[in-house]
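Numbering (UniProt numbering), first residue to last: 1 to 319.
For each residue, glycine too, the CB sits at the ideal point set by N, CA and C.
No experiment lies behind these values; they were computed from the predicted model shown.
Shown next as structure tokens:
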């Protein structure tokens, strides 16, 4: 078990998480719901008893690249909790054959380090629907153990009657999960993730804010119009906008490199040329740079996928 514990501490535990709500553009409703469902019960545990008892778990679902992991880290930072960042796919592959034990140890460590936040990214890869022809017995045991542990941190079996006498112990382990494919989740696990929050693609205002957030570390030319950039990136996720910004910020570097190649430079000569032209590489990012980047970086989420998220939210969302 020592080796497994060391593995969790090395690969999963994150300390000093410092993400703030302001670093996440838009998503006002999601932020409010997370503060209500997670932050307030930690701040006022005596108040959140009986019918107000904390939710067993919170699921964030939606297209990839919309800020689900950032939201989880913001919760951990706000509450000053130890953050267990669990990639479900890593958990099931890196410790194959011991995943069930890893889940149990993970929650034991979360209780030890409490208050703590256990965040399962890609939860669908660990807890997909049961009963499929290709499902292995080990996978079923892992799902069962995960649900047992979630019931445990919720302060009971989760089946206590919802009346004034149903008291739950103050919870110090928060369970958050994220998925890009909520329709693949096991039904029993879905019930335990009682709060299910849709994290949509950013609106035009959100995309404009994302351009501003992503470019705060570099100089931007006066001709850059954030609203125009937002209009030209309709359907882009937060990650897509970040990729556009990174590509735009590299345009000046590419111009210097192309000029150096035109001189026939390579190797050490190229390195010296780049060092001599560092100022040119740090030129203000222009509107044309952004437009060129947008032409190269396309949105990653299709309209058919968006409709699937909306349909699932209509049927199973619990925000």
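Per DSSP, residue 174 forms a beta bridge with which residues?
Its beta-bridge partners are 117.
For residue 84, which of helix, strand or coil comes out of DSSP?
Strand.
Please identify the residue among 127, 251, 37, 34 whose C-alpha is closest to the C-alpha of residue 218.
Per the Cα distances, 251.
For residue 56, which three-state DSSP category applies?
It is coil, neither helix nor strand.
Ignoring anything shorter than 3 residues or poking outside the stretch 183 to 224, list the beta strand (DSSP E) runs there in chain order.
As far as the stretch 183 to 224 is concerned, its whole beta strand (DSSP E) runs of at least 3 residues are 195 to 198.
State buried or exposed for residue 53, treating a residue as buried only when at least 16 other CB atoms are found within 10 Å of its CB.
With 16 or more other Cβ atoms within 10 Å, it is buried.
Are at least three pairs of beta-carbons, each pair with one atom in the stretch 234 to 244 and one in the stretch 62 to 72, less than 8 Å apart?
Judged by Cβ distances under 8 Å, the stretch 234 to 244 makes contact with the stretch 62 to 72, as three or more pairs qualify.
Could you check which residue in 244, 44, 56 has the C-alpha nearest to that of residue 230?
That would be 244, whose Cα lies nearest to the Cα of residue 230.
For residue 294, which of 232, 312, 307 has the nearest alpha-carbon?
Selected option, being the one with the closest Cα: 232.
Three or more beta-carbon pairs under 8 Å between the stretch 170 to 185 and the stretch 267 to 286, yes or no?
Too few Cβ pairs lie closer than 8 Å, so no.
Identify the continuous alpha helix (DSSP H) that holds residue 42 and give its terminal residues.
First-last of the alpha helix (DSSP H) with residue 42: 40 to 43.
If you measure between the beta carbons of residue 226 and residue 212, is that distance less than 8 Å?
Contact flag set, yes.
Which one of 183, 288, 117 has the shortest CA to CA distance from residue 223?
The candidate whose alpha carbon is nearest that of residue 223 is 288.
Give me the Cα-Cα distance between residue 50 and residue 302, rounded to the nearest whole angstrom.
Their Cα atoms are separated by approximately 43 Å.
Buried or exposed for residue 103, going by 16 or more other Cβ atoms inside 10 Å?
Its Cβ being crowded by 16 or more others within 10 Å, residue 103 is buried.
Identify whether residue 285 lies in helix, strand or coil by the three-state DSSP scheme.
DSSP places residue 285 in strand when its eight states are reduced to three.
What is the DSSP secondary structure of residue 153, reduced to helix, strand or coil?
Helix, per DSSP.
Around the Cβ of residue 80, are there at least 16 other Cβ atoms within 10 angstroms (buried) or fewer (exposed)?
The residue is exposed, with fewer than 16 neighbouring Cβ atoms inside 10 Å.
For a quick check, are the C-beta atoms of residue 24 and residue 59 less than 8 Å apart?
Not in contact: residue 24 and residue 59 (Cβ atoms no closer than 8 Å).
Which whole-angstrom value is the C-beta distance of residue 193 and residue 124, which I expect to be below 8 Å?
So it is not a contact: roughly 11 Å between Cβ atoms.
Alpha helix (DSSP H) containing residue 309: first to last residue?
303 to 316 is the span of the alpha helix (DSSP H), which, as asked, contains residue 309.
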